[in-house]
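Step one of this worksheet: look at the structure below.
In the working numbering, the protein residues as written are 536 to 646.
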């Protein structure tokens, strides 16, 4: 399935690749095939996903900025703040986190 994805600057998937914010309640919800495709072929500047609400955050592997943007907690209540990312038009520049945490409240984000 992942082989159908073309090379893109921004990749959005529901779940995380292996080892990138994939731990939920002490077990991994991972996709090894997705990790291999992202790192070896697709090589996006930004990969955004959610699904694992307990593993919110960002990391960078030198090519791709990985963002678990899950804003709900495991009880499906708004919990994590927005993550703001800049993806420059210049494709030689990396995607970067502008603000690690947005100051908007959960109610402001939802409205």
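Note that beta-carbon positions come from the ideal geometry of N, C-alpha and C, so glycine has one too.
With a beta-carbon spacing of about 6 Å, residue 606 and residue 613 fall inside the 8 Å limit used to define contacts. Under DSSP, residue 582 shares a beta bridge with 546, 601. Residue burial is scored here from C-beta neighbours: residue 551 has at least 16 other C-beta atoms within 10 angstroms and is therefore classed as buried. Counting only the Cα atoms, residue 573 lies some 18 Å from residue 631. Sixteen is the threshold: when 16 or more other Cβ atoms of the shown chains lie within 10 Å of the Cβ of residue 582, as they do, the residue is buried.
Inclusion of residue 584 and residue 627 in the CB contact set at 9 Å is not warranted, their separation being larger than that value. With fewer than 16 other beta carbons inside 10 angstroms of its own, residue 623 counts as exposed. In the assembly as shown, residue 615 is a buried residue. Its beta-carbon has 16 or more other beta-carbons within 10 Å.
The residues 579, 582, in chain order, have a CB closer than 6 Å to that of residue 599 in the same chain once the five nearest residues on each side in sequence are set aside.
When only Cα atoms are considered, residue 629 and residue 543 end up about 13 Å apart.
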